[in-house]
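Trainee: The numbering of the sequence shown is numbering that gives the first Met the number 0, which starts it at 0 and goes up by one.
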Amino acid sequence: MPLSQPPDTGADSVKVQLASSTSTPPSFEATFLGPDGTTNTFYTLSNQNINPIHNGDRYMSHKIYLSTASTT
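1. According to DSSP, is Ile49 helix, strand or coil?
2. If you draw a straight line from the alpha carbon of His61 to that of Ser12, how long is it in whole angstroms?
3. Would Asp56 and Ser26 qualify as a contact pair, given that the criterion is a beta-carbon distance under 7 Å?
4. Would you mind listing the beta strand (DSSP E) stretches within the segment 8-47 that are 3+ residues and don't spill past its ends, in chain order?
5. At what residues does the beta strand (DSSP E) containing Ser60 begin and finish?
So this is what it looks like as structure tokens:
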């Protein structure tokens with residue numbers, strides 16, 4: 000994650016969710032989770048600790064959501 004974003008991007012312009020597995024790489028259909036271990040939250044610059052639900056897993060995938068506050 001970048002340490003800072005230009006002001007035009009707005010708050011939390013980069014959000015991430017993670018999926019992990021012990022035996023096979025997660026697929027696109029995997030359940031991607033945020034920092035509270037649910038699908039309703041996202042990792043952002045302000046909360047960089049990865050949920051321990053992923054501890055011990057061998058494979059990890061991520062989904063990145065990009066947005067901007069700028070209309071130009």
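Ideal placement from N, C-alpha and C gives every residue a C-beta, glycine not left out. None of the values given here were measured: they were computed from a predicted structure.
Mentor: Considering the structure as presented:
1. Ile49 sits in coil when the DSSP states are folded into three classes, being neither helix nor strand.
2. Going from the Cα of His61 to the Cα of Ser12 covers about 16 Å.
3. no
4. Considered as a whole, the segment 8-47 harbours 13-20 as its complete beta strand (DSSP E) runs of no fewer than 3 residues, in chain order.
5. 58-65
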